[in-house]
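What the sequence shown shows, in the working numbering, is residues 6 to 600, in sequence order.
Heads up, the thing below is written out as structure tokens.
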Amino acid sequence: MGVEYKVAGLELAVAVDGASLEQFGPETNRGDGPAALQDMATVPFAWLESALPRLSVAEQEMMLRHKVIPYVWLPHYAIYGVATEDGLRWAESQRLNVVGRIKLEDYRSLVRRTFGRRILFTAVTMLERTLPWASARRRLTWPQMMVAISLAVVALASIFARDLQLFWIVFNIIATTLFCLVVGLRCLCLMPLPKHVGLVAPLLPETELPTYTVLVPLFRETAVLPQLLHALSCLDYPPDKLDIKIILEENDKAMQAAVAGFNLPDYFDVLVVPEGKPQTKPRALNYAMQFARGDLLTIYDSEDIPQPNQLKLAAAQLAASDENVACLQAALEFYNPNENWLTRQFTAEYAALFHTILPTLAAYKLPLPLGGTSNHFRVSVLRSVGGWDPYNVTEDADLGIRLARYGYQTRVLHSSTYEEANPEIWNWLKQRRRWLKGFLQCWLVHNRNPLLLLGELKFKGFIVVQCMTLGIFLSSLLHPILLGFTIWNLQPAIWVEKIQDPIGGATIYLSIVILLLGYASGILLSARGLRTIGIRKWGLVLLSIPAYWFLMSAAAWLALWDFCVAPYHWHKTRHGLSRTFKTAGRRVTSRPSQQ
Numbered sequence: 006m007g008v009e010y011k012v013a014g015l016e017l018a019v020a021v022d023g024a025s026l027e028q029f030g031p032e033t034n035r036g037d038g039p040a041a042l043q044d045m046a047t048v049p050f051a052w053l054e055s056a057l058p059r060l061s062v063a064e065q066e067m068m069l070r071h072k073v074i075p076y077v078w079l080p081h082y083a084i085y086g087v088a089t090e091d092g093l094r095w096a097e098s099q100r101l102n103v104v105g106r107i108k109l110e111d112y113r114s115l116v117r118r119t120f121g122r123r124i125l126f127t128a129v130t131m132l133e134r135t136l137p138w139a140s141a142r143r144r145l146t147w148p149q150m151m152v153a154i155s156l157a158v159v160a161l162a163s164i165f166a167r168d169l170q171l172f173w174i175v176f177n178i179i180a181t182t183l184f185c186l187v188v189g190l191r192c193l194c195l196m197p198l199p200k201h202v203g204l205v206a207p208l209l210p211e212t213e214l215p216t217y218t219v220l221v222p223l224f225r226e227t228a229v230l231p232q233l234l235h236a237l238s239c240l241d242y243p244p245d246k247l248d249i250k251i252i253l254e255e256n257d258k259a260m261q262a263a264v265a266g267f268n269l270p271d272y273f274d275v276l277v278v279p280e281g282k283p284q285t286k287p288r289a290l291n292y293a294m295q296f297a298r299g300d301l302l303t304i305y306d307s308e309d310i311p312q313p314n315q316l317k318l319a320a321a322q323l324a325a326s327d328e329n330v331a332c333l334q335a336a337l338e339f340y341n342p343n344e345n346w347l348t349r350q351f352t353a354e355y356a357a358l359f360h361t362i363l364p365t366l367a368a369y370k371l372p373l374p375l376g377g378t379s380n381h382f383r384v385s386v387l388r389s390v391g392g393w394d395p396y397n398v399t400e401d402a403d404l405g406i407r408l409a410r411y412g413y414q415t416r417v418l419h420s421s422t423y424e425e426a427n428p429e430i431w432n433w434l435k436q437r438r439r440w441l442k443g444f445l446q447c448w449l450v451h452n453r454n455p456l457l458l459l460g461e462l463k464f465k466g467f468i469v470v471q472c473m474t475l476g477i478f479l480s481s482l483l484h485p486i487l488l489g490f491t492i493w494n495l496q497p498a499i500w501v502e503k504i505q506d507p508i509g510g511a512t513i514y515l516s517i518v519i520l521l522l523g524y525a526s527g528i529l530l531s532a533r534g535l536r537t538i539g540i541r542k543w544g545l546v547l548l549s550i551p552a553y554w555f556l557m558s559a560a561a562w563l564a565l566w567d568f569c570v571a572p573y574h575w576h577k578t579r580h581g582l583s584r585t586f587k588t589a590g591r592r593v594t595s596r597p598s599q600q
């Protein structure tokens with residue numbers, strides 16, 4: 006059946022499955038541009054179902070990012086439907102002819118059914134296919150395996166020959182070199198920073214603010230969901246330029262039901278990641294990034310409470326920075342530092358990292374291993390370097406190093422996000438064993454070709470990568486061994502015998518010096534970081550840091566076991582355990598924001 010239809014000044018005579026074009030949109034919309042979304046006719050589900058398999062790659066990207074779908078193609082012309090007001094505004098800016106409204110539930114159902122597995126496949130395999138050297142899916146390369154076997158043979162030969170001298174010589178050369186580098190990096194971080202560090206860019210006018218995507222991966226987090234949604238609703242950013250993605254897992258029905266119980270604003274979007282392996286946070290982030298419509302992007306975890314103006318500060322600083330500044334890392338602090346001894350140690354550790362170590366690395370343009378949250382990216386750069394590695398359980402640190410290898414810089418953002426310091430020891434151990442396993446993964450991935458890494462990062466950057474990955478892992482793993490070795494050799498009879506041997510005496514003196522310098526530098530870094538966030542008179546906490554390191558060692562040995570038997574397993578950290586979390590959101594978001 007032929008019908009005439011006037012759209013955007015064009016007279017068209019067409020036949021579409023025997024239906025007139027009046028069925029594609031209300032009469033009042035003809036030739037007048039897009040109407041208000043609520044005034045548009047609903048696009049039938051069957052028409053959308055028929056149209057989706059015919060979309061080009063560009064049209065698929067438009068559909069995922071903006072919820073705009075062409076569902077009728079005419080000669081030199083297409084007719085579109087939209088699912089949200091944001092999509093309608095974007096379509097207007099692109100001068101697309103929108104004549105139909107798509108029900109949001111229809112959109113989500115069709116995308117999952119038609120493209121869900123394809124999007125998931127891209128999320129899991131994109132990095133491995135485009136940058137195979139950067140994927141942690143393969144644990145060891147053949148050269149790395151040969152080195153590991155050689156070290157194991159030396160150790161076993163020494164044990165069976167009852168002559169541990171060769172083993173201890175090799176062990177001491179490796180451990181001493183690495184520990185000296187770690188202590189040297191700590192000493193560098195204790196030096197005053199350059200004067201230009203700490204400058205804050207002026208805020209942009211709201212009309213110049215870019216669209217900002219916020220990714221929020223959630224899994225079994227119903228306890229902290231109200232606090233999280235309150236914190237996200239307090240973000241001081243224009244709603245029409247905010248794109249918040251709540252990312253849920255298909256097999257987490259309780260979380261889906263909990264989120265469905267809230268009446269979320271239009272700028273919130275709920276994504277359900279299809280079931281699959283590996284079930285990790287970076288896999289969920291890669292899935293959601295394909296729906297992101299922002300120019301800038303950040304990540305918040307389930308227990309996060311960012312300062313309300315953090316997005317504006319990040320947008321201003323990135324706008325004022327060179328294009329090779331690809332990422333900003335905000336500081337992570339805790340809203341329950343005084344809950345118990347463990348939370349105080351956790352607070353001291355984070356204070357040293359986010360207020361002393363990372364600012365120093367950023368100031369000297371050295372590789373900066375990112376924290377797992379509150380890192381703010383240029384989306385174009387993030388996509389160009391392959392996104393996150395779904396097989397790496399510290400995907401944040403890995404991505405920070407990869408950015409540096411591509412010549413991009415990461416700087417610190419002078420804003421804080423508040424989290425829950427883990428108050429329970431077994432929960433802390435699960436979290437820390439995952440982090441330490443990830444540091445080992447990062448080191449193996451980025452040292453597959455050490456000479457190439459050295460050429461890309463130069464000597465200083467190369468050393469920083471060794472210290473911040475293998476250095477953290479081995480210092481945690483070997484701390485009790487080094488301490489026990491030192492104490493054993495301090496026995497009078499052994500001491501007298503050892504110091505008569507030049508090699509033995511040098512080994513003892515060196516182990517004592519490294520041990521004392523390691524303790525001193527760690528305590529001083531924590532003390533400086535604590536002063537920066539206004540915490541003083543924690544002398545007993547600082548003096549008990551070596552005891553905290555024994556817990557780290559237990560986690561490191563568990564991490565080594567996990568790496569051998571379950572390298573991609575994501576040990577879930579429970580949140581909402583703190584006695585103060587129910588009031589933390591209101592206390593933090595009511596504080597004056599920094600500028």
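Don't be surprised by glycine CBs; every beta carbon is placed ideally from N, CA and C.
From a predicted model like this one, the values you see are computed outputs, not experimental measurements.
Candidates the options: closest to residue i by CA position
i      : options                           : result
Ser140 : Leu449, Tyr411 and Val152         : Leu449
Thr537 : Val546, Leu556, Pro243 and His419 : His419
Ala336 : Val330, Thr348, Leu375 and Thr285 : Leu375
Thr422 : Leu434, Ser379, Leu445 and Met68  : Ser379
Gln295 : Glu328, Glu90 and Leu220          : Leu220
Pro243 : Thr227, Pro210, Leu479 and Ile251 : Pro210
Glu400 : Lys442, Lys435 and Asn427         : Lys442
Cys192 : Leu529, Leu333 and Val398         : Leu529
Ser481 : His451, Arg453, Val470 and Ser558 : Ser558
Thr47  : His81, Leu60, Ala63 and Tyr85     : Tyr85
Val116 : Trp138, Pro58 and Ala206          : Pro58
Pro283 : Gln496, Glu133 and Tyr396         : Tyr396
Leu387 : Phe490, Ala331 and Glu429         : Ala331
Ala206 : Ala321, Arg122 and Asn177         : Ala321
Pro342 : Gln334, Gly534, Gln312 and Pro428 : Pro428
Ile179 : Leu475, Phe444 and Asn432         : Leu475
Rounded separation between residue i and residue j - CA only
i      : j      : result
Leu53  : Arg225 : 33 Å
Glu110 : Glu255 : 16 Å
Gly581 : Ile310 : 13 Å
Cys194 : Gln65  : 47 Å
Trp346 : Ile124 : 44 Å
Glu9   : Tyr305 : Low confidence applies to Glu9: its pLDDT is 37, below 50, so where it sits in the model is not reliable enough to give any reading.
Ser25  : Arg113 : Model confidence at Ser25 stands at a pLDDT of 43, short of 50, so the residue's coordinates are unreliable and nothing is read from them.
Cys604 : Ile519 : Residue 604 cannot be examined here, being either before or after the span of the chain that is shown, 6 to 600.
Ala297 : Gln414 : 23 Å
Leu563 : Glu90  : 49 Å
Met6   : Gly92  : Below a pLDDT of 50, predicted positions are generally treated as unreliable, and Met6, at 36, falls in that range; the measurement from the model is reported next regardless. Each residue's Cα considered, the two are about 32 Å apart.
Asp394 : Ile406 : 12 Å
Gln600 : Leu323 : Residue placement at Gln600 is flagged as unreliable, the pLDDT there being 45, under the threshold of 50; the coordinate-derived value follows with that caveat. Their Cα atoms are separated by approximately 15 Å.
Val417 : Leu404 : 15 Å
Phe273 : Asp248 : 6 Å
Asp271 : Pro455 : 48 Å
Thr585 : Ile492 : 42 Å
Leu301 : Lys246 : 11 Å
Val470 : Tyr411 : 14 Å
Cys472 : Leu479 : 10 Å
Environment of residue i [buried if 16+ CB atoms lie within 10 Å]
i      : result
Cys447 : buried
Thr212 : exposed
Ala51  : exposed
His5   : The chain is shown only over 6 to 600; residue 5 falls outside these bounds and no answer can be derived.
Ile486 : exposed
Pro222 : buried
Ser307 : buried
Phe351 : buried
Practice task
Give a yes or no on contact between the region 258-274 and the region 226-237, applying the rule of three or more CB pairs nearer than 8 Å.
Solution key: yes
Problem - Given 8 Å, three or more beta-carbon pairs between the region 146-156 and the region 313-322 - result: no
Problem - Residue ranges of each alpha helix (DSSP H) within the region 201-265, 4 or longer - result: 230-238 and 258-265
Problem - Contact the region 76-86 vs the region 95-109: 3+ CB pairs below 8 Å - result: yes
Practice task
Would you check if there are 3 or more beta carbon pairs closer than 8 Å linking the region 271-288 to the region 158-165?
Solution key: no
Practice task
Decide if the region 357-364 is in contact with the region 78-97; the criterion is three or more beta carbon pairs, one per stretch, under 8 Å apart.
Solution key: no
Practice task
Kindly provide the ranges of any alpha helix (DSSP H) runs that are 4 or more residues long and lie completely inside the region 307-376, ordered along the chain.
Solution key: 315-325, 346-357 and 363-368
Exercise for the section: Enumerate, from N- to C-terminal direction, the unbroken beta strand (DSSP E) stretches of 3 or more residues contained entirely within the region 265-307. Expected result: 273-278 and 301-304
Handout entry: Entirely enclosed alpha helix (DSSP H) segments - the region 547-571, minimum 4 residues
Key = 550-570
Exercise for the section: Would you check if there are 3 or more beta carbon pairs closer than 8 Å linking the region 364-371 to the region 540-555? Expected result: no
Practice task
Run through the region 83-142 for me and flag every whole alpha helix (DSSP H) of 4 or more residues, listed as ranges in chain order.
Solution key: 90-98 and 109-135
Practice task
Run through the region 375-425 for me and flag every whole alpha helix (DSSP H) of 4 or more residues, listed as ranges in chain order.
Solution key: 384-389 and 400-410
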